[in-house]
Structures are given as structure tokens and as C-alpha cells.
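Trainee: Got a structure for you, written out below as C-alpha cells; questions coming shortly.
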Ligand SMILES: [Zn+2]
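Structure follows, in C-alpha cells:
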């Protein structure tokens, strides 16, 4: 391949690395999600195949985060290796993430880089010693889906393929994720504080983790902004080179 075309291919790869491809949820999986989470606004959840840049280091199968600009949207990113909407396990992963989307919806939308779900996730994570295992928002989600013995997986393990019309879905359904931001935040306060100290400390604790979440949000914006600009330069350079190479070739053909 010529240099110009190679640069353009690299530019496309960089773009995909920054912004994983958006996908439509298969209709059967969407029906399962609607049956399990009747109050979730599934239209505001965007699914992507691929995990974006900064999140790769967390090493998970999938992640749900509030959308960068669309205030009422959450984005679910699934590692392509674990995207398998045809198996109980694969659907379980998607439904686990959809539960996080419900948590984000119920935590409140926030504004700009201040997203209650992220602040709450960080605060609860800090209280859990920054471990994934035992994180209260994760444990709540895993009760329903995402693990071998979660309710969804247990219900459909023998069938092999979950049926969106199955009667058991009504029993499994979660009308609410149960996230109440303030009580959850209060529970995440460190140390065994005397009760009277909790109310004045709570806003500071919230400010700390809202600040941390905002920093991560801004870092993401920065990486994506710089990355998009670089992609543009790389692609344009490839385009110019391709045109020149084409001209040169035609010229050489005539000579
Ligand atoms: Zn999770």
C-alpha cells in the first residue's frame, strides 16, 4: 500500500480507538432489557462495540458511563471479545450494563462534567478501598445480571437462549435500581464518624468525588479533542499524499 493510503488507514484506526463504533441492540435483547427494567429509558442508552482509550486500563468486559455531551444519555461500551448477544452470558453482560444505566438515570443527570452517578461511583469505590469486588453499585447490578449465578443467568442457564417473552422475566424485573444518591453517599463516608458529624461532612465528601469525576471527564474531553485533531491532520496528510502519488503515477505513466 502507498504511503498516503497507509496514513489514511492509520487515521481511521485512531478514530475507532478514540470513538468505538456505535451499534444497535438486537431487538430480542432490547425486549429483554425493557422487560427487566420497565422504567429505564432505553432510547437514551447508546451501545458501542469497543472500549475507548482511557478506560482500557480498567480491563473490564464492559463499562457504562454518562455520555460526554448529551446530558440524559449513558453510553455502554462492550469489549468486542465479550460482545455476544446470542448467548445467555453475552446478554447477561449487556443487561448488567443496562442496570448501571438505570442507576445513572436514577442518580440524577447533573450538568457538564458534574455527573451524580460518577461522583457516587467514585465515593462508593473509595469507601470500598478502590476495589471492584464488593463495590455496592456493582454488587447491586450483579444480583440481577452479569455473573454465572446472577438471577438472569440462573433463570436461563438451562435454556441456552433467553426468550424475551418468558414469564419469569416479570419475576426478575427491577422497577428501580434502588439508588438514592444522598443515603448512598452517606453510607460511603469513611471512618466510624459520630452521627452529628455526617451532615456537615457530606457536602465536602460529595465535592471531593464530584471534583475527581469532573477531572476524569475533562481528561477524557482533552484526549478526545487532541486525538480528533490529530486524526484530522493524519487523514488530510494521507489525502494530499495520495493525490500527489496519483499525479506522479499518471505523470510517470505518460513519460
Ligand atoms: Zn458493573
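Numbering (the working numbering), first residue to last: 34 to 288.
Beta carbons: idealized from backbone N, C-alpha and C, even for Gly.
All of these numbers come straight from a predicted model, not from anything done at the bench.
#1: Hey, would you say the C-beta of residue 204 is under 8 Å away from at least one heavy atom of ligand 1?
#2: Give every residue of the same chain whose Cβ lies closer than 6 Å to the Cβ of residue 117, excluding the five residues on either side of it in the sequence, and list them in chain order.
#3: So the alpha helix (DSSP H) residue 62 belongs to, where does it begin and stop?
#4: Hey, quick one: how far does the beta strand (DSSP E) through residue 81 stretch, first residue to last?
#5: Let me check one thing: in DSSP terms, what residues is residue 108 bridge-paired to?
#6: Work out the CA separation of residue 232 and residue 113 for me, nearest whole Å.
#7: Name the one or two DSSP bridge partners that residue 56 has.
#8: Would you kindly work out how many angstroms separate the C-alpha atoms of residue 239 and residue 253, rounded to a whole number?
#9: Verify the contact flag: residue 116, CB atom, against every heavy atom of ligand 1, threshold strictly below 8 Å.
#10: Could you tell me if the beta carbon of residue 42 falls within a distance shorter than 8 Å of some heavy atom in ligand 1?
#11: Below 8 Å, can you find three or more Cβ-Cβ pairs linking the segment 60-68 to the segment 192-202?
#12: At what residues does the alpha helix (DSSP H) containing residue 209 begin and finish?
Mentor: This is what the structure gives:
#1: No, Cβ of residue 204 sits at least 8 Å from all heavy atoms of ligand 1.
#2: Same-chain partners within the cutoff: 123.
#3: Counting along the chain, the alpha helix (DSSP H) containing residue 62 begins and ends at 60-69.
#4: Per DSSP, the continuous beta strand (DSSP E) segment holding residue 81 begins and ends at 78-82.
#5: When DSSP reads this structure, residue 108 sits in a beta bridge with 79, 98.
#6: When rounded, the distance between both Cα atoms is 44 Å.
#7: According to DSSP, which records beta bridges pairwise, residue 56 is partnered with 80.
#8: Roughly 21 Å between the two C-alpha positions.
#9: The answer is no for residue 116.
#10: Relative to the non-hydrogen atoms of ligand 1, the Cβ of residue 42 never comes closer than 8 Å to any of them.
#11: Output reads yes: the segment 192-202 touches the segment 60-68.
#12: Where residue 209 is concerned, there is no enclosing alpha helix (DSSP H), given that its DSSP letter is neither H nor E.
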